[in-house]
Amino acid sequence: MLQFFKYTLATILGLFLFFFLMFLILLGIAAAAASEDEVTVRKNSILELKLDREIDERGEHDPFEGMGLLGGLGTSKYGLDEIKASIRHAKTDDNIKGIYLSTEILTAGMATVEEIRNELLDFKKSKKFIVAYNDICSEKAYYLTSVADKQYLNPQGALELNGLSSEVLFFKGTLEKLDIQPEIFKVGEFKSAVEPFLLEKMSAPNRLQVTSFLNSLNDHYLRNIAKARGKSFADMKKLSDSMLIHYPEDALKHGIITNVGYFDQAVDYMKGRTGLKKDDKLNVVELKNYRKLAKEEDGYSKNRIAVIYASGDIVNGEGGEDNIGGTKFAEEVRKARRDKNVKAIVLRINSPGGSAMASDVIWREITLAKKEKPVIASMSDVAASGGYYIAMACDTIVAHPNTITGSIGVFGMLANLEGFLDNKLGITVDRVKTGRYSDMPSITRQLTPAERQIVQHGVERVYEDFTAKAAKGRNMPVAQLRSLAAGRVWSGVEAKERGLVDVLGGLDQAIAIAAKRAGIEKEYTLKKVPYQKTFLESFMSGMETSARMHFLKAELGEMYPFYEKAKKVQQLQGIQVRMPYDFNIQ
Numbered sequence: 001m002l003q004f005f006k007y008t009l010a011t012i013l014g015l016f017l018f019f020f021l022m023f024l025i026l027l028g029i030a031a032a033a034a035s036e037d038e039v040t041v042r043k044n045s046i047l048e049l050k051l052d053r054e055i056d057e058r059g060e061h062d063p064f065e066g067m068g069l070l071g072g073l074g075t076s077k078y079g080l081d082e083i084k085a086s087i088r089h090a091k092t093d094d095n096i097k098g099i100y101l102s103t104e105i106l107t108a109g110m111a112t113v114e115e116i117r118n119e120l121l122d123f124k125k126s127k128k129f130i131v132a133y134n135d136i137c138s139e140k141a142y143y144l145t146s147v148a149d150k151q152y153l154n155p156q157g158a159l160e161l162n163g164l165s166s167e168v169l170f171f172k173g174t175l176e177k178l179d180i181q182p183e184i185f186k187v188g189e190f191k192s193a194v195e196p197f198l199l200e201k202m203s204a205p206n207r208l209q210v211t212s213f214l215n216s217l218n219d220h221y222l223r224n225i226a227k228a229r230g231k232s233f234a235d236m237k238k239l240s241d242s243m244l245i246h247y248p249e250d251a252l253k254h255g256i257i258t259n260v261g262y263f264d265q266a267v268d269y270m271k272g273r274t275g276l277k278k279d280d281k282l283n284v285v286e287l288k289n290y291r292k293l294a295k296e297e298d299g300y301s302k303n304r305i306a307v308i309y310a311s312g313d314i315v316n317g318e319g320g321e322d323n324i325g326g327t328k329f330a331e332e333v334r335k336a337r338r339d340k341n342v343k344a345i346v347l348r349i350n351s352p353g354g355s356a357m358a359s360d361v362i363w364r365e366i367t368l369a370k371k372e373k374p375v376i377a378s379m380s381d382v383a384a385s386g387g388y389y390i391a392m393a394c395d396t397i398v399a400h401p402n403t404i405t406g407s408i409g410v411f412g413m414l415a416n417l418e419g420f421l422d423n424k425l426g427i428t429v430d431r432v433k434t435g436r437y438s439d440m441p442s443i444t445r446q447l448t449p450a451e452r453q454i455v456q457h458g459v460e461r462v463y464e465d466f467t468a469k470a471a472k473g474r475n476m477p478v479a480q481l482r483s484l485a486a487g488r489v490w491s492g493v494e495a496k497e498r499g500l501v502d503v504l505g506g507l508d509q510a511i512a513i514a515a516k517r518a519g520i521e522k523e524y525t526l527k528k529v530p531y532q533k534t535f536l537e538s539f540m541s542g543m544e545t546s547a548r549m550h551f552l553k554a555e556l557g558e559m560y561p562f563y564e565k566a567k568k569v570q571q572l573q574g575i576q577v578r579m580p581y582d583f584n585i586q
C-alpha cells in the first residue's frame, strides 16, 4: 500500500510539473506573439549581423528567443532566406546607416557564404558602410569580411589565410578490429563514398578529384578577395600558398585588413559614421530582431513561383524535418504542377544524395512538371549524386561557383557481422530456407559469389539508368556524359565548363530565370514549401523524441551506441547515389 501511494504521488507530481511546463511554454508563446511587431529601429542605427548560429536554407523561429527560459530554449537557427531579406531591407531602410559584421563563429557551407557575401556587395551600392571586427578570423569568415569598408582585427588576434583542405576519416582498421566485413558494390572509379570502409587512405582517383575541385574553390575564393581588396590574383595566391599572414600586423601590411584595433575602436568609427559623439551610445539593432521586420510574405498574387526546398539526405518514404523523403517531395512537386496559380517551379537543392529509389521518384515528378511549366534547379552548398539526380531533369540548372556537385555514380553496401557476433559477442546464427537465395541479403553471413554478382548487376543497372537520364537531361551523348561521371565530384565552375550546369549564380538568379520563362517577370510572389512546423510543433515532437531516447539509453546501456549506428545504416537501405562521407572543407 505504501508503494502504491508513493507511485501515485510521483505520478501526480509529474503531471503537475508537466502542466506547469506547458503553461510556461504557452505563456512564452503568447508573450512572443504580442511583442512580434514591437521591433523598432531608431534613426542612425547599425544592423548587427552576428552570424554565431548554424545557418540553414530557411529560418527557424523560436518564441522563447532571448528569454533564457527552460534551460536551453531560446536559440534558433538562422535561415539564409531571412539573412538575405534583412540585408536587402536594411539597404532601403533610412534608419539603418550601416552594417556591423560579427563572424567569430561561422557555421555555413561555401555556397551559403557566397550568397550572403553577394547580398552584402549589393548592399554597398546604397553607399552605406560595412564594418567588421574579429578577434579570430577564419577563412570563411574572412571571405565575408573582405567586402567590408573597415576591417578591424584584434592586436592579439589571428587571421587564417593559408588555403583550403579536406580531411576524410577511414574506418578499415576499426572494422577489422571488430571482425566486421564490409560488402561493397559500386560503379565509377571516383565513387569514393565507400572508401572509408575499404582503405586506410584516399585512392589515386579520389585524391585527383578532391585536389581538382578544392583548387577550383580556392581559386574562386582568392579571385573574389583580390577584387574586393584591390589586389591581383597572383598576389593573393602568393599570400595564401606561402602563408605570409602570421600576425595582425602582417594582414595590415599586405592590405588584407584596414585596421589593427580593438572592438571599442571599431565602435568609435561607427559612431563617427552615424554622427554620434564618442560618449554617445551606438544605436544597434540585432539580426535576431531585425529579421522580423524584414520577413518576406508569400503574398496572394495569382502568379506564383513555387520554391521547393530539398535539404538533407534523400531517403525513402515521407522522411523527416532534416532529410528529403522521396514520397513527400514528389508530392510537393505534384501539387505545384497541378496548382494553376503556380506558373513556375524552383527546386532549391542542398543534398549529398542518398536512396536511388527515392531520387528516381522525385525525378519522375520533375519530368512531368516541366512538361507543363518551367522547372529550374538552384544548387546550394552541395547538390551531388542523388542531389544531382533530382536536378538533371530541370530545364535549367543554376549553381554557385563553389557548389559541390556531380558525383554521378552508384554504390551498394552490406556488412557481414558474422565474425563480430561470434568472436566479440558469442552469438551464433543458424537458418532454414526454402530456396538458394531465400535469406538474401543477410548481414549474418558472407555473400556467395553468385549473390555478389546479383547485387553488382543491380548497381550497374542503376548506373546505366542514371547516366542515360542525365545525358538526356543535359542534351549530350551518353558516352560524353559518362566521361564526366564515374562518381567524380566537381565544383560549380568545373561543372559549368563541362556542361553539367547551365548558369553560375544563386537562388535569386534561379527565381529570375523561372519568372522570365513563365512570362511573369513584372508580377509574382513566392510560395515556399514544404510546410515548416511551428516552434511548438517542433518542440513537442522533440520532447517525444527526447523521452524515447532517454528510455532507450536506460534500457540498452552500453549497447546504445550500436543502436545509433544501426539506425544510420537503416537509411542506407537499397542502392545509394551519394557523395563521399564526412566531407569537410576547412
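Going by UniProt numbering, the letters in the sequence shown line up with residues 1 to 586, in that order.
Here a beta-carbon is modelled for each residue, glycine too, at the ideal position from N, C-alpha and C.
Fair warning: this is a prediction, and the values are worked out from it, not measured in the lab.
(message) Quick check: the Cα distance between G412 and E523, rounded to an integer number of angstroms?
(response) Indexing the sequence shown from 1 puts residue 412 at position 412. Indexing the sequence shown from 1 puts residue 523 at position 523. The straight-line gap from Cα to Cα measures roughly 47 Å.
(message) Using 7 Å as the threshold, is the C-beta distance between I87 and E119 below it?
(response) If you number the sequence shown from 1, residue 87 lands on position 87. If you number the sequence shown from 1, residue 119 lands on position 119. A contact, by the Cβ cut-off of 7 Å.
(message) Once DSSP output is grouped into helix, strand and coil, what is the label at V377?
(response) Position 377 of the sequence shown, counting from 1, holds the residue named residue 377. Rather than Val, the amino acid found at residue 377 in this sequence is Ala. If DSSP states are grouped into helix, strand and coil, A377 belongs with the strands.
(message) Less than 7 Å between the beta carbons of G312 and G325, yes or no?
(response) Locating residue 312 in the sequence shown gives position 312, where the first residue counts as 1. Locating residue 325 in the sequence shown gives position 325, where the first residue counts as 1. Judged by beta-carbon spacing, G325 lies beyond the 7 Å limit of G312, meaning their Cβ atoms are not closer than that value.
(request) Output the distance between the C-alpha atoms of K328 and N95, rounded to the nearest integer angstrom. (result) Locating residue 328 in the sequence shown gives position 328, where the first residue counts as 1. Locating residue 95 in the sequence shown gives position 95, where the first residue counts as 1. Distance from the CA of K328 to the CA of N95, rounded to the nearest whole angstrom, comes to 43 Å.
(request) Can you check DSSP and say which residues form a bridge with Y78? (result) For the purposes of this step, residue 78 is taken as residue 78 along the sequence shown, with counting starting at 1. Under DSSP, the beta-bridge partners assigned to Y78 are I55.
(request) Just mark L169 as buried or exposed, buried being the case when its beta carbon has 16 or more other beta carbons within 10 Å. (result) Locating residue 169 in the sequence shown gives position 169, where the first residue counts as 1. Classification for L169: exposed.
(request) Measure the C-alpha to C-alpha separation of I180 and K201 and round it to an integer number of angstroms. (result) To locate residue 180, count along the sequence shown from 1; it is residue 180. To locate residue 201, count along the sequence shown from 1; it is residue 201. Between the alpha carbons of I180 and K201 lies a gap of roughly 19 Å.
(message) With DSSP as the reference, identify every bridge partner of N259, one or two as the case may be.
(response) Here residue 259 corresponds to residue number 259 of the sequence shown, with the count starting at 1. Residue pairing by DSSP places N259 opposite Y152 in a beta bridge.
(message) Short of 6 Å in beta carbon distance, which residues of its chain neighbour residue 593, apart from the five on each side in sequence? Order them along the chain.
(response) The question about residue 593 has no answer, for the chain in this structure spans 1 to 586.
(message) Counting beta carbon pairs with one atom in the segment 219-231 and one in the segment 178-195, are three or more of them shorter than 8 Å?
(response) Touching, no.
(request) Determine, using beta carbons only, whether A336 and A306 come nearer to each other than 7 Å. (result) As a first step, residue 336 must be located in the sequence shown, where it is residue number 336. As a first step, residue 306 must be located in the sequence shown, where it is residue number 306. Cβ distance < 7 Å, so A336 and A306 count as in contact.
(message) Using a Cβ-Cβ cutoff of less than 6 Å, which residues in the same chain neighbour L106 once the five nearest sequence positions on both sides are dropped?
(response) Translated into positions along the sequence shown, residue 106 becomes position 106. Here the set comprises L51, K140, A141.
(message) For a quick check, are the C-beta atoms of G163 and N218 less than 7 Å apart?
(response) For the purposes of this step, residue 163 is taken as residue 163 along the sequence shown, with counting starting at 1. For the purposes of this step, residue 218 is taken as residue 218 along the sequence shown, with counting starting at 1. With contacts defined as CB atoms closer than 7 Å, G163 and N218 qualify as a contacting pair.
(request) For E57, count neighbouring C-beta atoms within 10 Å of its own C-beta (all shown protein chains included) and say buried if the count is 16 or more, exposed if not. (result) Taking the sequence shown and counting its residues from 1, one reaches residue 57 at position 57. E57 sits buried, since 16 or more C-beta atoms from the chains shown fall within 10 Å of its C-beta.
(request) Have a look at the DSSP bridge pairing and note the partners of M413. (result) In the sequence shown, residue 413 corresponds to position 413, counting from 1. According to DSSP, M413 bridges with I184.
(message) Can you tell me whether T396 is buried or exposed? The criterion is at least 16 other CB atoms within 10 Å of its CB, across all chains shown.
(response) Position 396 of the sequence shown, counted from the start, is the residue given in the question as residue 396. Buried is the label assigned to T396, since at least 16 other Cβ atoms lie within 10 Å of its Cβ.
(request) State the DSSP-derived secondary structure class of E48, mapped to helix, strand or coil. (result) Here residue 48 refers to the residue found at position 48 of the sequence shown. E48 falls in the strand class under three-state DSSP.
(request) Go ahead and pull the three-state DSSP assignment for S86. (result) Position 86 of the sequence shown, counted from the first residue, corresponds to residue 86. Note: S86 maps to helix in three-state DSSP.
(message) Do F185 and V459 have their beta-carbon atoms positioned less than 7 Å apart in this structure?
(response) Your numbering for residue 459 matches position 459 in the sequence shown. Your numbering for residue 185 matches position 185 in the sequence shown. The Cβ atoms of V459 and F185 lie closer than 7 Å to each other.
(message) Quick check: is the beta carbon of F466 nearer than 7 Å to any beta carbon in chain B?
(response) Considering every chain present, this structure includes no chain B. It has just one protein chain.
(request) Pull up the distance between the alpha-carbon of G230 and that of M236, whole angstroms please. (result) By one-based count along the sequence shown, residue 230 stands at place 230. By one-based count along the sequence shown, residue 236 stands at place 236. Those two C-alpha atoms are separated by around 10 Å.
(request) Count the C-beta pairs between the segment 426-443 and the segment 473-480 that are closer than 8 Å, then say yes if the count reaches three, no if not. (result) Too few Cβ pairs lie closer than 8 Å, so no.
(request) Given a cut-off of 7 Å, decide if A251 and L175 are closer than it, judged by their beta-carbon atoms. (result) Locating residue 175 in the sequence shown gives position 175, where the first residue counts as 1. Locating residue 251 in the sequence shown gives position 251, where the first residue counts as 1. In this structure, A251 does not lie closer than 7 Å to L175 by Cβ.
(request) Below 8 Å on the Cβ atoms is my guess for A485 versus G409; work out the distance and round it to an integer in Å. (result) Position 485 of the sequence shown, counted from the start, is the residue given in the question as residue 485. Position 409 of the sequence shown, counted from the start, is the residue given in the question as residue 409. About 6 Å separates the Cβ atoms of A485 and G409, confirming a contact at the 8 Å cut-off.
(message) Buried or exposed, going by whether 16 or more other CB atoms sit within 10 Å of the CB of D135?
(response) Numbered from its first residue, the sequence shown carries residue 135 at position 135. With fewer than 16 other Cβ atoms within 10 Å, it is exposed.
(request) Tell me T448's beta-bridge partners as DSSP assigns them. (result) Looking up residue 448 in the sequence shown gives position 448. DSSP lists no partner for T448.
(request) Could you pull the start and end residues of the alpha helix (DSSP H) that G386 belongs to? (result) Here residue 386 is taken as the residue at index 386 of the sequence shown, counted from 1. Under the DSSP assignment, G386 falls in the alpha helix (DSSP H) whose first and last residues are 386-389.
(message) Tell me the DSSP secondary structure of I520 in three-state form.
(response) Translated into positions along the sequence shown, residue 520 becomes position 520. Residue state, collapsed to three classes: coil.
(message) Taking its Cβ as the centre, do 16 or more other Cβ atoms sit within 10 Å of T448, making it buried, or is it exposed?
(response) Residue numbering aside, residue 448 sits at position 448 when the sequence shown is read from its first letter. Under a 10 Å Cβ-count criterion, T448 is classified as exposed, with fewer than 16 other Cβ atoms of the shown protein chains found around its own Cβ.
(request) Verify whether the separation of the beta carbon atoms of P352 and V493 is less than 7 Å. (result) For the purposes of this step, residue 352 is identified with residue 352 of the sequence shown, where counting begins at 1. For the purposes of this step, residue 493 is identified with residue 493 of the sequence shown, where counting begins at 1. V493 is positioned such that its CB atom lies no closer than 7 Å to that of P352.
(message) Please classify F123 as buried or exposed, where buried requires at least 16 other C-beta atoms within 10 Å of its C-beta.
(response) For the purposes of this step, residue 123 is taken as residue 123 along the sequence shown, with counting starting at 1. F123 should be labelled buried.
(request) For N341, count neighbouring Cβ atoms within 10 angstroms of its own Cβ and tell me buried if that reaches 16, exposed if not. (result) Along the sequence shown, one-based indexing puts residue 341 at 341. By the beta-carbon neighbour count (other beta carbons within 10 angstroms, threshold 16), N341 is exposed.
(request) Please work out which residues of its chain come closer than 8 Å, Cβ to Cβ, to K125, disregarding the five sequence neighbours upstream and downstream, and give them in chain order. (result) Taking the sequence shown and counting its residues from 1, one reaches residue 125 at position 125. Contacts found: K91.
(request) Provide the residue span of the alpha helix (DSSP H) that contains F233, from first to last. (result) Position 233 of the sequence shown holds residue 233. Per DSSP, F233 belongs to the alpha helix (DSSP H) from 233-241.
(message) Using a 10 Å radius around the Cβ and a threshold of 16 neighbouring Cβ atoms, would you call A510 buried or exposed?
(response) Mapped onto the sequence shown, residue 510 falls at position 510. The residue is buried, with at least 16 neighbouring Cβ atoms inside 10 Å.
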